[in-house]
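Take -19 as the starting number for the sequence shown in my numbering and just add one per residue.
Even glycine gets a Cβ: it sits at the ideal position worked out from N, Cα and C.
Here the structure is laid out as structure tokens; the discussion comes afterwards.
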Amino acid sequence: MKKIILYSAAVVALLFTSCDDYLETDSPSSFTQDYIFSNEADAAKAVYGIYALFNQDAYTSRLSSNFMGNTDTEMGGVSASPDNNRRDIWSFEATAGNPDVRVVWNNAFNAINRANEAIEGIENSELYKQGNPMMKHLRGEALALRAHWYYYLVNLWGDVPLKLTPTKAGDEFYLPKTDRNEILTQLITDLREAEPDMMWADQLDYGIERVNREFVMGLIARLSLTRGGYALYPDMSAKRSADYLEYYGIANEYAKKLISLKPHTLTPDFGKVFRNQVEYISPENEDVLFEVAFHPGFGDVAWNNGVRVDAGTHPYGSGSNYVSIPASYYYSFDTLDTRQAVTGSLVAYDKELLEQPVNVASIAPGKWNRLWLQTPPGAASAKGTGVNWPVMRYADVLLMLAETENELNGPAGVAADALKQVRQRAFRQENWTEKVDEYISRVSGSKEAFFQAIVDERAWEFGAEGIRKYDLIRWNLYGQKVAETRQTLTEMGLDTYNNAGEYANLPGVLYYKRNADGSITYLNKFRSVDPATIPVVDSPNKGDNPNGYYSHTWLRGNINTTTMEPADYISRNWRGYRDETGASAVRYILPIPSETVTGSLGVLANDGYGF
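Below, the structure written as structure tokens:
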């Protein structure tokens, strides 16, 4: 059942208009809408054609992973100076000439146009007018895919053109920007109308690899929290609308509706959620509600987002981690939280598949590892792992319920119960009394304390999944978290170097042994030790070390020990945000591509945001 959907998508894409730049189109197809949408099978293929736009570098290597940073939970390495590439997006320095900005903008509107074509074709078909259940579902599927792409656009660009009909010859191509709140309101309205007619994942041929009813409920909640949250405006102020509680109410309603009508079971083993994806397993009625399906040869999960594997003669190919997680985030976890080891990997694999310690600036997302692939893809392989990308999980719905319930009714009861489900999965049962029950009782003392617990829990639950950036935006916490991250990383370096301060108990240097199977075991992953008590030996490339430990500079690497200034990566990674207090807004908004501005004949402009 795995990913056959994409074969159809590649073919059906030829039926549709192409959108090489923004809203300009041509239409080479000889098929008519009446023909395509006259039966369920062809109509389904038309909708599959929308999915094909997930299969481009604009999504696989950019939007899903590289556009997620830099936050307090994810970061990408930034060059010494702006280089007009993805790194400038991470450091909040992108220009209108950035090619990654252009390719994602164009791909998003291409996907939206394909969705509009499918929606129009379905609504005009006799089958849909007769109430055909599959046609109703397909319409909802297309509406949700359109909404998903607009979700990215309004978060990353703010106000953008709203186009709800397919582009045709004679159309007005030069559309002005529409207020993001108007866009979100329209998308929410569309999905609320379509949702009851949709099918559950376990009723669909490709399950959670297709947009389904439970995902749409979760998407309504996500869009509603975005509509009710803060956003950045051209004068660099962050504001939320006066009616925000109305949208918190909608999010609350749909989170409850999903839990009531189709409760899912959180996959008991947190790590298994992601290992399933690498092993091409897509269970229904568990944690993942919808994941983007990639056929082998497509998709970059476990290539640019996951544990690093160096190229060699081994058959697994090579993968890096464009995405890393800050040490400040890694050490924010409770040491008994099982999510820590899954989320952050302190090892990489060399060309002989021996584990090697990573640099403190290169803690990799441990959720995906190409060594778990059931069929090794070959020594020369790199991109195109075929590993699916999670778009929404049931844990997200539970935490959205906890957040909205706290905002509307306070932290007791429903809110606490929802948070409890997520934390119970994170800790072993013998730790529940302290780490779940007592913790939730403590944070439920006030609305403010519970909200902070939600901020923390969403960090621990969703690291490296491309969600944190959008959470920080809607909470208006982006600046605060960037400033805190830089400060914490620097203090970790200073404290472990000076053996004094809040973080002096953490390891400035790691000591490890190499096991006979090539793996390594750390002596002091979570604590400092007196180096005088550790027998240290030279570090060979392989072999065991029965007589001592190898040493590896760790948190001390967060400072330049000559100048006592922050390490280069700390100074660079969030470079475009200078406010050390965290009080001002982060300029996360991207400029409209220069070609689009020029081609709009004055309708569009990069006005405000310091552009």
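Check	Outcome
In the segment 234 to 316, which residue ranges form an unbroken alpha helix (DSSP H) of at least 4 residues, counting only runs that do not cross its ends?	250 to 258 and 307 to 310
Output the residue ranges of the beta strand (DSSP E) runs that lie fully inside the segment 353 to 420 and measure 3 residues or longer, sorted by chain position.	369 to 373
Distance check for G364 and I239, CA to CA, integer angstroms please.	35 Å
Would you call V402 buried or exposed, if buried means 16 or more other Cβ atoms sit within 10 Å of its Cβ?	buried
Specify the secondary structure class of M55 as computed by DSSP and reduced to three states.	strand
Could you name the residues of the same chain whose beta carbon sits closer than 6 Å to that of V27, not counting the 5 residues immediately before and after it, in chain order?	A98, L118, E121 and A122
Rounded to whole angstroms, what is the Cα-Cα separation between V140 and N86?	12 Å
Thinking C-alpha only, which one of N485, M48 and E437 is nearest R66?	M48
Closest to L490 by C-alpha separation, out of A563, N339 and G590, would be which residue?	N339
Tell me the residue span of the beta strand (DSSP E) that contains I500.	I500 to Y502
So which of A362, A91 and Q467 has the shortest CA-CA distance to L351?	A362
For a quick check, are the C-beta atoms of S499 and N485 less than 8 Å apart?	no
Would you report the Cα separation of N50 and R552, rounded to the nearest angstrom?	11 Å
Just to confirm the assignment, what range does the beta strand (DSSP E) spanning R494 have?	V489 to R494
Does DSSP put Y329 in a helix, in a strand, or in coil?	strand
Determine whether the beta carbon atoms of T533 and S308 lie at a separation below 8 Å.	no
Measure the C-alpha to C-alpha separation of T12 and D587 and round it to an integer number of angstroms.	41 Å
What residue range is occupied by the uninterrupted alpha helix (DSSP H) comprising Y557?	First-last for Y557: undefined, no H or E at that position.
Sorted by chain position, which residues of the same chain lie with C-beta nearer than 6 Å to I230's C-beta, five sequence neighbours on each side aside?	S204
Quick check on the DSSP output: the beta strand (DSSP E) that includes S204 runs from which residue to which?	Not the beta strand (DSSP E): S204 falls in the alpha helix (DSSP H), residues R193 to R207.
If you follow the alpha helix (DSSP H) that S564 is part of, which residue opens it and which one closes it?	From DSSP, S564 is part of no alpha helix (DSSP H); its letter is neither H nor E.
Between the C-alpha atoms of G582 and Q404, what's the straight-line distance to the nearest angstrom?	55 Å
Considering only C-alpha positions, which residue in the set S298, A341 and N389 is nearest to D330?	S298
Any idea what DSSP makes of I188, helix, strand or coil?	helix
So M472 and A201 are in contact, right, with Cβ under 8 Å, and what is the actual spacing, rounded?	M472 to A201, Cβ: 36 Å. No contact.
Under a Cβ-count criterion, where at least 16 other Cβ atoms within 10 Å of its own Cβ denotes burial, should K109 be classed as buried or exposed?	exposed
Tell me, which residues are paired with Q336 by DSSP?	A328
Does the distance from the CB of P370 to the CB of N301 come in under 8 Å?	no
What are the residues that DSSP puts in a beta bridge with L212?	A218
Give me whichever residues DSSP pairs with A344 in a beta bridge.	S325
Would you mind giving the Cβ-Cβ distance between A181 and V577, rounded to the nearest angstrom? I have them listed as a contact below 8 Å.	Not quite, the Cβ-Cβ distance comes to about 41 Å (not below 8 Å), so this is no contact.
In whole angstroms, what is the alpha-carbon distance linking V(-9) and F278?	Reliability of the predicted coordinates at V(-9) is poor, the pLDDT of 39 falling under 50, and the value obtained from them is presented with this limitation in mind. Using only the alpha carbons, I get a separation of about 16 Å.
CB-CB under 6 Å to S10, same chain, minus the five flanking residues each way: which ones, in chain order?	Legend: pLDDT at S10 = 44, less than 50; position of this residue unreliable, value from coordinates given subsequently. So the list is empty, once near-sequence residues are dropped.
For T543, tell me which candidate among V394, E175, A222 and T470 has the shortest Cα-Cα distance.	T470
By the DSSP assignment, the beta strand (DSSP E) with S574 in it spans what residues?	Per DSSP, S574 belongs to no beta strand (DSSP E); it is in the alpha helix (DSSP H), S574 to G579.
Hey, how far is the Cα of E264 from the Cα of T245?	10 Å
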